[in-house]
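If you read the protein sequences in the order shown, they are chains U and B. In terms of our numbering, the numbers along the first sequence are unbroken and rise by one, the last being 606. In terms of our numbering, the numbers along the second sequence are unbroken and rise by one, the last being 531. Structure first, then comments.
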Amino acid sequence: MLTETLTTEENVIEERVRILGRNRTLEGVLTYPTGRATCSVLIAGPHPFLGGDIRNNVVATLSKSLASQGAVVLTFNYGGVGRSEGGPTDWPAVMSEFWKHGTFKEEQGWAEDTDSAIFALRQWCASPPVLVGYSFGCWTIVNCLRKEKFQSIVLISPNHKQHMFTPLCICSAPLLLIHSDNDFTCSECETKAWFDSVREPKTRIQLPAGEHFFRGHEAEVASTVAKFLWPQDANSEA
Amino acid sequence: MNHKPIDILLTGASGFLGHYILAELLVHPHVRCRVLLRNPVAENLARLERLLIDVGVNLPAMMANKRVTVVQGELPNSLGSLDVDGVDLIIHSAGNTAFNATGSGEPSRTNVDGTRAMLSLATNAGIRRFVYVSTAYVCGEQVGHLPEAFYPTMPPVRNNYERSKWEAEALVWNWSTSTRTATICRPSILFGDSQTGRATTAKGLHLVAKATEILARAANDGSEAHRHHIPLRILGRSDATCNVVPVDWAARQIATITLTSTTEPSVHHITNPDPPTHQEVKEWLEKYFDIAGGQFSDASWPLRDSNHYEDLFYSLGNICLDYFRNGLTFESQCSANIPAGKRLIDQEAFFQSISYAQATNWFRSPYKMNKADDLEQRSDAFSSKWYFESFLPRVVPRSAITRVSELTTIVRYTITGPEGGSWICRFDSGQLKETQAAPSALKPEFEFRLSHEDLVEIAAGRKPMQDIFLSGCAEILGNVEQAMKMVPIIGALLKEFPVTDVENSAVKC
């Protein structure tokens, strides 16, 4: 519900915003540069049951880093997380299903939340956004791929063994996959094999020792995404 | 970002509901607020800043970018030089909640005269919208399903507070013309923040909880059997309801109503469609404070033959019990904003707010559960052995975990440090079948390894379990994927049954 406006040392402004979803209102944080913005980015975070919120280390670092380089970044809490409304109604039943299968039907509501966040971002910024998903968020953004245009898609540590990523084939936006060499959800070999089956154009970057959580490696993730989004800047620096 | 900018004058911004309304309004980037503060302004501004920090609003930053400005004035008489140029609408949320008339003329002075003064200000400045924050209990003793409409004649009120709120409503309603729009918001009794349990004053259900805490302390001197057979008559019926709403939810509804453009005068009940019953509140309090014995009674106040426990319990007054009512419901468009199956106030929300109240000494001190010396003092008395061998076996069978029917696993908890040890818990179909101290023949599927200090923090509900593990402060060994699924399960248990008094190992169960 809250607004906290901060001007950081990196010339980034953070505003807490409320996103009107289909059935519920979501808590979001809009981070943008004090200067001119060059693109818009939607970041979908990890599974709400596994610490997925806007404070997540990867989500928060990415958001500030990309904003400081010129992006308008929207992050949000899924339904039932933080100050977002809704969430699973029968927690024990849902948890039971989650324990057994690692997924459950009501997760679809969180994919719809992602759709609402994209819609909100499109209202604020007209240009096609970059969609960034981390862990479970990879699945929620891929679920939102429709005929409309997106500038590019970034998947960080997707659990392709747990969730279906077939909608990727209906979107031709450039794809970046970032994964580590020791992710407990999917092995290095499994991820490479899955990536080979994905349509072009695509780029795969493997980061060493990041596990699934990239603790202590958040800046590397952010830098990798930035180089993908602004290759010309990376070249000029080089 | 394509909304037309809107300038709002807000009164009562430093009140319990008022600062939440301000925070809700500021969520909308196109809204600018002028807040009315009385002298001494610097002192009241500092108070407002402290209140807003707790709800995540950075007031200095808001003032720096002109989202918030302060205007000095005092209701009802000192509004003469108020700068209202450019104000689009007024939200008048300032109010006095004294139930009985005081020597200074309250509650009428603030509620009636103050509203009259604000309406006059609006008229003179050509402001066309006036949002008044009233109360659902302006209905007085009426019962039935009450419409969202102005009561043209004063209902049979029960105290001066209700009378003053109706009189103020009448002034506001009659101010409305074809070019001026009055909006009346009627929240019911406010309870703690739905996310944090936070409140700022011990009123309503918090007062009942505080009285129960006094009772529990008194009963603590007796035997266990005595503690569960306290001779207390609870005045009222078990099926009566108390219409309470979380303060942040109420503020959000008021902000939404305010920012919805309208030219029609309207009344809005900001009420709970599924409020807790007297029986539920009794059960929650008994569970929380580990006491029992109270019986509902049709005796009337004051009790002529009250016993020691009744004297203690009713020492804080009989005010809230009066607001447990039978046969009273409210028409409310706002109810549509509540997700299906979700209750505004349930056991979890209730416990959370009582925990917050206790942590702040019933709102008398700041919430500082993470204070280092506090932790040091508490961790000295907290025993990991007690937690795993006594506490968990007692609370898990009563928790929601028992309904996680697929939960079958063996977990090892290793607590590091001098207070530590290692315990292995076997779950079968959601039931905690056994807990053994290591070494044990049980073969764990995964292991959580954390410090004693972190265990104290999560056991007391001061840090979410997810944060401890995802921040890397704790380790997960073995089947990480299953262990990650266990984190929210244990997290839910910790939320349901936090250890409230670590020093004494006394729990709210």
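Don't be surprised by glycine CBs; every beta carbon is placed ideally from N, CA and C.
Going by beta carbon distance, what residues of the same chain come within less than 6 Å of B:Arg434, once the five residues before and after it are set aside?
Close CB contacts of B:Arg434 within its chain, under the 6 Å cut and outside five residues either way in sequence, are with Ile446, Pro466 and Glu469 (chain order).
Please report the straight-line C-alpha distance between U:Phe596 and U:Lys560, rounded to a whole angstrom.
C-alpha separation (whole angstroms): 19 Å.
Anyone know if the C-beta pair for B:Leu350 and B:Val165 falls short of 8 Å?
Yes, they are a contact pair.
C-beta neighbour in chain B for U:Thr508, strict 8 Å
Judged by the 8 Å Cβ criterion, U:Thr508 is not in contact with chain B.
Burial state of U:Cys557 (16 or more Cβ within 10 Å)
It counts as exposed.
Interface residues of chain B facing U:Gly505 [CB-CB closer than 8 Å]:
By Cβ distance, chain B contributes nothing, its closest Cβ being about 15 Å from U:Gly505, past 8 Å.
List the whole-angstrom C-beta distance separating B:Gly108 from B:Asp29, where the pair is believed to meet the contact cut-off of C-beta under 8 Å.
Indeed, because the Cβ distance is near 5 Å, the residues count as touching under 8 Å.
Relative to the C-alpha of B:Ala505, which residue among U:Thr457, U:Leu418, U:Trp459 and U:Gly450 is closest?
Of U:Thr457, U:Leu418, U:Trp459 and U:Gly450, the residue nearest in Cα terms is U:Leu418.
CB contact flag (B:Leu39, B:Ala273, <8 Å)
Cβ atoms of B:Leu39 and B:Ala273: closer than 8 Å.
Quick one, which of U:Asn445, U:Ala412, U:Arg386 and U:Glu395 has its alpha-carbon nearest U:Ile521's?
Ranking U:Asn445, U:Ala412, U:Arg386 and U:Glu395 by Cα distance to U:Ile521 puts U:Ala412 first.
Close Cβ partners of B:Ser198 (< 6 Å) along its chain, the five nearest in sequence each way excluded:
Cβ neighbours of B:Ser198 beyond the five flanking positions: Ala204 and Pro287.
CB of B:Gly37 within 8 Å of CB of B:Ala144, strictly
Their beta carbons are not under 8 Å apart, which means B:Gly37 does not touch B:Ala144 by this criterion.
Once DSSP output is grouped into helix, strand and coil, what is the label at B:Thr275?
The residue asked about is misnamed: residue 275 of chain B is Gln in this sequence, not Thr. Helix.
Could you say which of B:Gly443, B:Ala460 and B:Thr431 lies nearest to B:Leu454 if we only look at CA atoms?
For B:Leu454, the closest alpha carbon among the candidates B:Gly443, B:Ala460 and B:Thr431 is that of B:Thr431.
For U:His585 and U:Asn424, the rounded distance between their alpha carbons
The alpha-carbon atoms of U:Asn424 and U:His585 are separated by roughly 13 Å.
May I have a chain-ordered list of the beta strand (DSSP E) segments no shorter than 3 residues that lie completely inside the segment 438-508 of chain B?
Annotation note: the segment 438-508 of chain B contains the following uninterrupted beta strand (DSSP E) runs of length 3 or greater, listed N- to C-terminal: 443-450, 453-459, 468-473 and 497-500.
Counting only C-beta atoms, is U:Gly501 closer than 8 Å to chain B at any point?
Not one chain B Cβ lies under 8 Å of U:Gly501.
Please state the DSSP three-state secondary structure of B:Leu67.
Residue state, collapsed to three classes: helix.
Please list the terminal residues of the continuous alpha helix (DSSP H) segment that includes B:Leu229.
Start and end: Leu227 to Ala241.
Quick one: residues in its chain with C-beta nearer than 6 Å to the C-beta of U:Thr553, no 5 flanking neighbours on either side, listed in chain order?
Sequence-distant partners of U:Thr553 (beyond 5 residues in either direction) whose C-beta falls short of 6 Å from its own C-beta, in its chain, are Asn527 and His580.
Is the distance from the Cβ of B:Arg494 to the Cβ of U:Arg386 below 8 Å?
Here the sequence assigns Gly to residue 494 of chain B, which means Arg is not the residue at that position. Not in contact: B:Gly494 and U:Arg386 (Cβ atoms no closer than 8 Å).
Compare the C-beta of U:Lys612 against all C-beta atoms of chain B and say whether one is closer than 8 Å.
What is shown of chain U runs 369 to 606, which leaves residue 612 of chain U out entirely.
So that I know if they touch, is there some Cβ in chain U lying closer than 8 Å to that of B:Arg202?
False, the Cβ-Cβ gap to chain U never drops below 8 Å.
With distances taken between CB atoms, is the gap from U:Pro460 to B:Val426 smaller than 8 Å?
The beta carbons of U:Pro460 and B:Val426 sit closer together than 8 Å.
So which residues of chain U does B:Gln426 contact, with C-beta pairs closer than 8 Å?
Per the sequence presented here, residue 426 of chain B reads as Val, with Gln not at that position. The contact set of B:Val426 on chain U, defined by CB atoms closer than 8 Å, consists of Pro460, Met463, Ser464 and Trp467 in chain order.
Are the CB atoms of B:Val155 and B:Ile276 within a distance shorter than 8 Å?
Contact: yes.
Quick check: U:Gly396 and U:Thr457, are their CB atoms within less than 8 Å of each other?
8 Å or more divides the Cβ of U:Gly396 from the Cβ of U:Thr457.
Taking Cβ positions, are U:Trp467 and B:Glu235 nearer each other than 8 Å?
No, the pair does not count as a contact, with Cβ atoms beyond the cut-off.
Buried or exposed for U:Gln600, going by 16 or more other Cβ atoms inside 10 Å?
Exposed.
Any beta-carbon of chain U closer than 8 Å to the one on B:Ala147?
B:Ala147 does not count as touching chain U.
Member of U:Val409, U:His547, U:Phe504 and U:Ser555 whose CA lies at the smallest distance from the CA of U:Gln519
Distances from the CA of U:Gln519 to each of U:Val409, U:His547, U:Phe504 and U:Ser555 were compared; the closest alpha carbon is that of U:Val409.
7 Å Cβ cut-off: residues of chain U touching B:Ala514:
The answer, in chain order, is Trp459.
Own chain residues within Cβ distance below 6 Å of B:Pro298, not counting five before or after
Around B:Pro298, the same chain offers Ile367 as residues with beta carbons nearer than 6 Å, after the five sequence neighbours per side are excluded.
Which partner residues does U:Ile399 have in the DSSP bridge list?
A small fix is needed here, since residue 399 of chain U is Thr in this sequence, not Ile. U:Glu382 and U:Val441, per the DSSP bridge assignment.
For B:Val63, is the classification buried or exposed, using 16 other Cβ atoms within 10 angstroms of its Cβ as the cut-off for buried?
The residue in question, B:Val63, is exposed, as its Cβ has fewer than 16 Cβ neighbours within 10 Å.
Are the segment 66-81 of chain B and the segment 294-314 of chain B touching, with three or more C-beta to C-beta distances below 8 Å?
As far as the Cβ criterion goes, the segment 66-81 of chain B does not touch the segment 294-314 of chain B, which means the pair count is below three.
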